[in-house]
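One structure is given below, encoded as structure tokens.
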Amino acid sequence: MSRIAVVDYGSSNLRSVTKALEYVANGRQQVVVSSDPGEILSADRIVFPGQGAIGDCMKSLGALDLIDVLTEGIGQRPFLGICLGLQSLMRWSDEDGGIACLNVFPGRVRRFRTNPGPGPDGSPRKIPHMGWNEVTWRKPHPLIAGIPSGTRFYFVHSYYVVPADDDVIMGETDYIERFVSALADGMAFATQFHPEKSAEAGLQLLTNFLAWDGAA
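With the working numbering applied, the sequence shown covers 7 to 222.
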């Protein structure tokens, strides 16, 4: 039976991600929550969810010897990053005065500007960006099979990624400004939104991930 490793770095609520993966796996694949480098690298797929501050995340990854595990694992097997798991893949984050990240994707993480003013409908736009919003796909990918462009997913975040290479941009979303909400390159796919909290569309993306062989 193939295994999916959910990376546990000690600062993220993994229950909803784990339950969603177990639901779509339906007993055909084993879902393991782990902070053990060997167990993570021996898995067939890696899921890296995250929440909170990037500085705490990077500090915990370093203490658990997981930085090299993630950068190595991303190139060897299908990988899904979620929320902070996306932001951590960039070279640099502006959060906490500036934090060096995993540097899988050249680029940086920026905060939404403060006092953005009302949205097009006159309603206030607050930070964090919290709730449902549309994702516009830039190109086809196996993980979005059966999910139309413009589908709504669930977001909770104050920072967003700005990749140096436009070719890795998978999806975009409008809130305060147009920002990148999904990236894809090689065996890596990462989202700013939470598929595990995004109802049927999120479950479809997770189902596609479990069937994905890593090819674009």
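For each residue, glycine too, the CB sits at the ideal point set by N, CA and C.
Checking 8 angstroms against the spacing of the C-beta atoms, do E178 and R144 come in under that value?
Translated into positions along the sequence shown, residue 178 becomes position 172. Translated into positions along the sequence shown, residue 144 becomes position 138. Yes, these two residues count as a Cβ contact at 8 angstroms.
Can you tell me which residues form a DSSP beta bridge with M96?
Residue numbering aside, residue 96 sits at position 90 when the sequence shown is read from its first letter. For M96, DSSP records a beta bridge to F111.
Bridge partners of V12, per DSSP?
Residue mapping note: residue 12 aligns to position 6 of the sequence shown, counting from 1. V39 and V53, per the DSSP bridge assignment.
Looking at C-beta atoms only, is the number of pairs between the stretch 188–206 and the stretch 155–170 that lie closer than 8 angstroms three or more?
yes
Going along the chain, which residues of its own chain have a beta-carbon closer than 7 angstroms to the beta-carbon of R114, five neighbours each way excluded?
By 1-based counting over the sequence shown, the position of residue 114 is 108. If we look at R114 and ignore the five residues flanking it on each side, its Cβ neighbours are M96, R97, W98, S99, D100 and V168.
Helix or strand or just coil, what does DSSP make of P201?
Position 195 of the sequence shown, counted from the start, is the residue given in the question as residue 201. Residue state, collapsed to three classes: helix.
Check F215 in the structure and name its three-state DSSP category.
Residue 215 sits at position 209 when you count from the first residue of the sequence shown. The answer is helix: DSSP assigns F215 an H, G or I state.
Ignore the nearest five residues each way along the sequence and tell me which others in L67's own chain have a CB closer than 6 angstroms to its CB.
Position 61 of the sequence shown, counting from 1, holds the residue named residue 67. Correct list, in chain order: Y15 and I73.
Which ranges does the beta strand (DSSP E) cover as unbroken runs of at least 3 residues, wholly within the stretch 160–209, from first to last along the chain?
165–169, 175–181, 183–191 and 194–197
Inspect the beta-carbon positions of G44 and C89 and report whether they are closer than 8 angstroms.
Residue numbering aside, residue 44 sits at position 38 when the sequence shown is read from its first letter. Residue numbering aside, residue 89 sits at position 83 when the sequence shown is read from its first letter. It is not a contact, given that the beta carbons lie outside the stated cut-off.
Can you list, in chain order, the residues of its chain whose CB lies under 6 angstroms from that of G61, leaving out five sequence neighbours each side?
To locate residue 61, count along the sequence shown from 1; it is residue 55. So the list reads D102 and I105, once near-sequence residues are dropped.
Does the beta-carbon distance from Q93 to Y165 come in below 8 angstroms?
What you label residue 93 is simply residue 87 of the sequence shown in a count that begins at 1. What you label residue 165 is simply residue 159 of the sequence shown in a count that begins at 1. Yes.
Is A207 buried or exposed, if buried means 16 or more other CB atoms sit within 10 Å of its CB?
Taking the sequence shown and counting its residues from 1, one reaches residue 207 at position 201. Classification of A207: buried, given that the 10 Å Cβ count is 16 or more.
With DSSP as the reference, identify every bridge partner of M136, one or two as the case may be.
The count along the sequence shown starts at 1 and reaches residue 136 at position 130. M136 is bridged to V162.
Can you tell me where the beta strand (DSSP E) with G61 in it begins and where it stops?
By 1-based counting over the sequence shown, the position of residue 61 is 55. Premise fails: G61 lies in the alpha helix (DSSP H), I60 to A69, not in any beta strand (DSSP E).
What residues are listed by DSSP as bridge partners for I105?
Working through the sequence shown from its first residue, we reach residue 105 at position 99. By DSSP's assignment, I105 forms a beta bridge with S99.
Report the partner residues of T157 according to the DSSP bridge assignment.
Counting from 1 along the sequence shown, the entry for residue 157 is found at position 151. Looking at the DSSP assignment, T157 forms a beta bridge with V141.
Who pairs with F85 in a beta bridge, going by DSSP?
What you label residue 85 is simply residue 79 of the sequence shown in a count that begins at 1. I52 and A194.
Considering only C-alpha positions, which residue in the set S17, G192 and D42 is nearest to M64?
Translated into positions along the sequence shown, residue 64 becomes position 58. When each option's Cα is compared against that of M64, the closest is S17.
Can you tell me whether M136 is buried or exposed? The criterion is at least 16 other CB atoms within 10 Å of its CB, across all chains shown.
For the purposes of this step, residue 136 is identified with residue 130 of the sequence shown, where counting begins at 1. Taking all protein chains shown into account, M136 has fewer than 16 neighbouring C-beta atoms within 10 Å of its C-beta and is therefore exposed.
One question on the structure: do P148 and W218 come within less than 8 angstroms of each other, judged by their Cβ atoms?
The sequence position of residue 148 within the sequence shown is 142, counting from 1. The sequence position of residue 218 within the sequence shown is 212, counting from 1. Closer than 8 angstroms, so yes.
Would you check if the distance between the CB atom of V53 and the CB atom of L76 is smaller than 8 angstroms?
The sequence position of residue 53 within the sequence shown is 47, counting from 1. The sequence position of residue 76 within the sequence shown is 70, counting from 1. No, the pair does not count as a contact, with Cβ atoms beyond the cut-off.
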